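> This is the structure, below, for whatever I ask next.
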Amino acid sequence: MTRSRVTRRNFLKRAAGTAVFGSMAPAYVRATALGGAGRVAPSDRITIGMIGAGRQAYIVSLKQFLGMDDVQVVAVCDVDRWRMDLMKQAVDASYGAAERSGQYKGCDLHLDFHDVLARSDVDAVLISTPDHWHAPMAVAAMKAGKDVSLEKPITRTIAEGRQLSELSRELGRIFRVDSEFRSVPGVHQAATIVQNGLIGEVQSVSVGVPSSDVPCPPQPEMPVPEELDYERWQGPAPRAPYTLNRVHPPEDIRGRPGWMRHLYYCDGMITNWGTHMNDGAMWATELERTGPVEIEGHGSYPPPESFWNVMLKFDIKYRFANGVRWTYRADTPYFRIQGSEGWVWADFREIKAHPSSLLTWKPGANDRTLRLKSDKQDFIDCVKSREETLQPAEVGHRVTSLCHLGHIAVQTGRKLTWDPDAERFADDAEANSLIDRPIHAPVYG
Numbered sequence: 297m298t299r300s301r302v303t304r305r306n307f308l309k310r311a312a313g314t315a316v317f318g319s320m321a322p323a324y325v326r327a328t329a330l331g332g333a334g335r336v337a338p339s340d341r342i343t344i345g346m347i348g349a350g351r352q353a354y355i356v357s358l359k360q361f362l363g364m365d366d367v368q369v370v371a372v373c374d375v376d377r378w379r380m381d382l383m384k385q386a387v388d389a390s391y392g393a394a395e396r397s398g399q400y401k402g403c404d405l406h407l408d409f410h411d412v413l414a415r416s417d418v419d420a421v422l423i424s425t426p427d428h429w430h431a432p433m434a435v436a437a438m439k440a441g442k443d444v445s446l447e448k449p450i451t452r453t454i455a456e457g458r459q460l461s462e463l464s465r466e467l468g469r470i471f472r473v474d475s476e477f478r479s480v481p482g483v484h485q486a487a488t489i490v491q492n493g494l495i496g497e498v499q500s501v502s503v504g505v506p507s508s509d510v511p512c513p514p515q516p517e518m519p520v521p522e523e524l525d526y527e528r529w530q531g532p533a534p535r536a537p538y539t540l541n542r543v544h545p546p547e548d549i550r551g552r553p554g555w556m557r558h559l560y561y562c563d564g565m566i567t568n569w570g571t572h573m574n575d576g577a578m579w580a581t582e583l584e585r586t587g588p589v590e591i592e593g594h595g596s597y598p599p600p601e602s603f604w605n606v607m608l609k610f611d612i613k614y615r616f617a618n619g620v621r622w623t624y625r626a627d628t629p630y631f632r633i634q635g636s637e638g639w640v641w642a643d644f645r646e647i648k649a650h651p652s653s654l655l656t657w658k659p660g661a662n663d664r665t666l667r668l669k670s671d672k673q674d675f676i677d678c679v680k681s682r683e684e685t686l687q688p689a690e691v692g693h694r695v696t697s698l699c700h701l702g703h704i705a706v707q708t709g710r711k712l713t714w715d716p717d718a719e720r721f722a723d724d725a726e727a728n729s730l731i732d733r734p735i736h737a738p739v740y741g
């Protein structure tokens with residue numbers, strides 16, 4: 297009997313009708329990519345739609361995808377036409393140079409992300425927009441049958457995180473937090489040391505992130521740049537006059553944009569860096585699928601007249617049900633895990649440990665080993681295999697929630713009791729009201 301060749305795409309088509317995949321029924325069709333000698337066949341490539349063409353997407357994510365033979369970027373979407381054109385130029389230059397037959401026709405541009413989601417030749421999307429758009433776009437993408445890699449922080453609220461996790465599970469969509477922190481060798485090494493019990497029983501954790509920027513004086517209203525669809529950019533956020541320090545510099549891809557310092561669009565360093573450093577520590581301590589039971593903290597904000605208004609400094613304390621004490625503050629970026637027999641410390645660049653012999657330890661055949669690959673490769677591999685990513689929606693939700701819970705404790709100014717299973721505060725209507733927030737309607741999502 298002759299066996300037909302099973303490619304990733306026809307496997308997924310067949311599996312879509314089985315109980316394994318249930319209702320997800322993905323619409324996988326042949327990609328537009330062109331194969332060649334020594335190259336991955338078009339039917340085995342994952343086709344990507346890039347939603348958001350800002351600095352993270354352009355400088356970091358796009359470069360990684362363009363270097364992967366089993367990936368084809370087929371669409372770019374942004375509400376800033378200059379940024380969208382810049383990314384298209386990079387995509388077309390890369391694929392055009394590689395495709396010697398001259399048949400490459402270029403990637404497509406879309407102003408409306410719904411047009412990307414409607415395409416049958418897009419397998420998955422990478423969402424790298426301002427934070428206020430993250431959850432609405434991810435929800436729409438999963439409902440459209442797309443697998444999702446979502447830039448951290450994945451949500452603005454705890455309620456959004458619960459929705460993403462449940463939707464990913466119900467629809468069978470592959471979801472990956474777009475964060476490289478677990479791919480950092482020192483972070484991976486620290487997590488491996490802790491999970492193998494080499495520092496003994498975990499007693500306490502301390503996490504630091506950079507402080508947010510200094511206040512910004514009131515900003516005048518300015519004309520909207522011709523290349524920017526500002527209404528779409530605002531999306532689910534409250535309506536406000538355009539000014540450069542609210543959005544990003546025109547015709548520039550560098551530097552931290554103003555929206556990262558404004559509470560309409562972002563919570564500041566407490567979530568932006570917090571979803572890196574807390575993630576590493578929650579992974580190492582295996583607390584990544586739960587939450588604390590007590591939270592208290594204090595922080596400082598810019599003066600009322602400041603245009604930028606995210607929290608500048610904070611010092612937050614948590615207690616988990618297993619007794620672990622967790623401290624999170626605006627300091628310098630790191631995490632440190634104290635055990636009964638030693639400690640580990642890590643950031644993006646290095647790892648420290650006591651005793652120092654931990655740094656030369658290597659896991660043996662009977663020791664626990666952890667997955668180590670780039671975040672993009674992890675996502676693509678799991679889109680193919682349908683296995684859970686290293687940072688699925690539930691993990692991303694719990695890590696981001698830890699940051700949100702700390703912010704809520706600072707806002708209320710009192711010690712809070714939290715049920716990590718029900719995801720509600722005990723006897724605190726004000727705190728529970730901050731689990732979600734209203735969004736602007738109609739939303740372009």
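Here our numbering is used: position 275 in the sequence shown is 571, and no number is missing along the way.
Heads up, the beta-carbon is just placed ideally off N, CA and C, and yes, glycines get one too.
All values reported here derive from a predicted model rather than from experimental measurement.
From M565 to A626, what does the alpha carbon distance come to, in whole angstroms?
By 1-based counting over the sequence shown, the position of residue 565 is 269. By 1-based counting over the sequence shown, the position of residue 626 is 330. Distance between the alpha carbons of M565 and A626: 8 angstroms.
> What number of angstroms, rounded off, separates the C-alpha of E395 from the C-alpha of V369?
Against the sequence shown, residue 395 aligns to sequence position 99. Against the sequence shown, residue 369 aligns to sequence position 73. Straight-line Cα distance between these residues: approximately 14 angstroms.
> Throw me the rounded Cβ distance for the P588 and L701 pair, which I believe falls under 8 angstroms.
Counting from one through the sequence shown, the residue named residue 588 turns up at place 292. Counting from one through the sequence shown, the residue named residue 701 turns up at place 405. Confirmed, about 7 angstroms.
> Run the CB neighbour count on N574, radius 10 Å, all protein chains shown included, and call it buried at 16 or more, exposed below.
Taking the first residue of the sequence shown as position 1, residue 574 is located at position 278. Answer is buried; the Cβ neighbour count reaches 16.
> Answer yes if the region 347-359 comes into contact with the region 417-436, meaning at least three C-beta pairs across the two stretches below 8 angstroms, and no otherwise.
Yes, since at least three Cβ pairs between the region 417-436 and the region 347-359 fall closer than 8 angstroms, the two stretches touch.
> Is the CB-CB distance between P546 and P516 below 8 angstroms?
The count along the sequence shown starts at 1 and reaches residue 546 at position 250. The count along the sequence shown starts at 1 and reaches residue 516 at position 220. No, the Cβ-Cβ distance between P546 and P516 is not below 8 angstroms.
> Looking only at DSSP bridge pairs, what is I591 linked to?
Here residue 591 corresponds to residue number 295 of the sequence shown, with the count starting at 1. DSSP output for I591 lists Y614 and L712 as bridge partner(s).
> If you draw a straight line from the C-alpha of L460 to the C-alpha of A420, how long is it?
Taking the first residue of the sequence shown as position 1, residue 460 is located at position 164. Taking the first residue of the sequence shown as position 1, residue 420 is located at position 124. When rounded, the distance between both Cα atoms is 16 angstroms.
> Could you pull out every residue in the same chain whose Cβ sits closer than 6 angstroms to the Cβ of P519, ignoring the five residues on either side in sequence?
Here residue 519 refers to the residue found at position 223 of the sequence shown. Taken in chain order, the list of residues that qualify is empty.
> Taking the beta strand (DSSP E) that D677 falls in, what are its first and last residues?
Here residue 677 refers to the residue found at position 381 when the sequence shown is read from its first residue. Run containing D677: none in the beta strand (DSSP E); it sits in the alpha helix (DSSP H), D671 to S681.
> For my contact list, R478 and W639 are in at a C-beta cut-off of 8 angstroms; report their separation, rounded to the angstrom.
Sequence index remark: in the sequence shown, residue 478 carries index 182 (1-based). Sequence index remark: in the sequence shown, residue 639 carries index 343 (1-based). Wrong, their Cβ atoms sit about 20 angstroms apart, outside the cutoff.
> Could you pull out every residue in the same chain whose Cβ sits closer than 7 angstroms to the Cβ of P599, ignoring the five residues on either side in sequence?
As a working note, residue 599 is residue 303 in the sequence shown. The residues are P511.
> Which residue comes first and which comes last in the alpha helix (DSSP H) that contains R341?
As a first step, residue 341 must be located in the sequence shown, where it is residue number 45. Taken as a continuous stretch (DSSP letters only), R341 belongs to no alpha helix (DSSP H), as it is neither H nor E.
> Where does F317 fall in DSSP's three states?
Counting from one through the sequence shown, the residue named residue 317 turns up at place 21. Confidence at F317 is low in this model, with a pLDDT of 26, below 50, so its placement is unreliable and no value can be given for it.
> Please determine, among K613, S653, Y597 and P506, the residue with the shortest C-alpha to C-alpha distance to K711.
As a first step, residue 711 must be located in the sequence shown, where it is residue number 415. Checking every option, the nearest Cα to that of K711 belongs to K613.
> For T656, does the three-state DSSP call read helix, strand or coil?
As a first step, residue 656 must be located in the sequence shown, where it is residue number 360. Note: T656 maps to helix in three-state DSSP.
> What are the residues that DSSP puts in a beta bridge with E447?
Position 151 of the sequence shown, counted from the first residue, corresponds to residue 447. Answer is D474.
> Cutting at 7 angstroms between CB atoms, please list the residues of its own chain near S507, excluding the five before and the five after it.
Locating residue 507 in the sequence shown gives position 211, counting from the first residue. Contacts found: M565, L608, K609 and A626.
> By alpha-carbon positions, which one of D525, N618, G619 and R645 ends up nearest to F631?
Taking the sequence shown and counting its residues from 1, the one referred to as residue 631 is at position 335. For the residues D525, N618, G619 and R645, the minimum Cα distance to F631 belongs to R645.
> Tell me the residue span of the beta strand (DSSP E) that contains S278.
Here the chain comprises residues numbered 297 to 741, so residue 278 is not present and cannot be evaluated.
> With a threshold of 16 other CB atoms inside 10 Å of the CB of Y561, please say whether the residue is buried or exposed.
As a first step, residue 561 must be located in the sequence shown, where it is residue number 265. Result: buried.
> State the CB to CB distance for the pair V679 and I342, rounded to an integer number of angstroms; the pair is presumed to be in contact (CB under 8 angstroms).
To locate residue 679, count along the sequence shown from 1; it is residue 383. To locate residue 342, count along the sequence shown from 1; it is residue 46. Going by Cβ atoms, the distance from V679 to I342 rounds to 5 angstroms, so yes, they are a contact pair.
> Sort T488, I549, L382 and T567 by Cα distance to A504 and report the nearest one.
Position 208 of the sequence shown, counted from the first residue, corresponds to residue 504. It should be noted that the sequence gives Gly, not Ala, for residue 504. When only C-alpha atoms are compared, the closest one is T567.
> Hey, V620 and T581: beta-carbon distance below 8 angstroms or not?
As a working mapping, residue 620 is identified with position 324 in the sequence shown. As a working mapping, residue 581 is identified with position 285 in the sequence shown. Cβ distance < 8 angstroms, so V620 and T581 count as in contact.
> Using 8 angstroms for Cβ pairs, my map puts I591 next to A436. What's the rounded Cβ distance?
Along the sequence shown, read from residue 1 onward, the residue named residue 591 stands at position 295. Along the sequence shown, read from residue 1 onward, the residue named residue 436 stands at position 140. Not confirmed; about 32 angstroms, so no contact.
> For Y324 and A337, what's the separation of their Cα atoms in angstroms?
For the purposes of this step, residue 324 is taken as residue 28 along the sequence shown, with counting starting at 1. For the purposes of this step, residue 337 is taken as residue 41 along the sequence shown, with counting starting at 1. Bear in mind that a pLDDT of 26 at Y324, under 50, signals an unreliable position, so the model cannot answer this.
> Near D374, which residues of its chain fall below 7 angstroms by C-beta distance, leaving aside the five closest residues on each side in sequence?
By one-based count along the sequence shown, residue 374 stands at place 78. Cβ within range, chain order: G348, A349 and M380.
> Check this for me: beta carbons of A727 and T708, under 8 angstroms apart or not?
Position 431 of the sequence shown, counted from the first residue, corresponds to residue 727. Position 412 of the sequence shown, counted from the first residue, corresponds to residue 708. Yes, these two residues count as a Cβ contact at 8 angstroms.
> Within the continuous alpha helix (DSSP H) that includes V483, where are the two ends?
Walking along the sequence shown from the start, residue 483 turns up at place 187. It spans P481 to Q491 - the alpha helix (DSSP H) in which V483 sits, taken as one unbroken run.
> Is the beta carbon of S636 sitting closer than 8 angstroms to the one on G496?
For this step, residue 636 is matched to residue 340 along the sequence shown. For this step, residue 496 is matched to residue 200 along the sequence shown. For S636 and G496, yes; Cβs fall inside 8 angstroms.
> Under a three-way DSSP split, which group does K439 fall into?
The residue you call residue 439 lines up with position 143 of the sequence shown. Here K439 sits in helix by DSSP.
> Would P688 be called buried (16 or more neighbouring beta carbons within 10 Å of its own) or exposed?
Counting from 1 along the sequence shown, the entry for residue 688 is found at position 392. Buried: at least 16 other Cβ atoms inside 10 Å.
> Which residue wins for smallest C-alpha separation from S670, given the options M364, G345, S339 and R535?
Translated into the one-based positions of the sequence shown, residue 670 becomes position 374. Considering only alpha carbons, the answer is M364.
> How is the alpha helix (DSSP H) around W604 delimited, first residue to last?
Here residue 604 refers to the residue found at position 308 of the sequence shown. That residue, W604, is in no alpha helix (DSSP H); it is neither H nor E in DSSP.
> Quick check: V532 and I735, are their CB atoms within less than 8 angstroms of each other?
Numbered from its first residue, the sequence shown carries residue 532 at position 236. Numbered from its first residue, the sequence shown carries residue 735 at position 439. It is worth fixing the name first, because residue 532 is Pro in this sequence and not Val. A contact, by the Cβ cut-off of 8 angstroms.
> Along the chain, where does the alpha helix (DSSP H) that runs through H572 open and close?
Counting from 1 along the sequence shown, the entry for residue 572 is found at position 276. Its alpha helix (DSSP H) spans residues G570 to T581.
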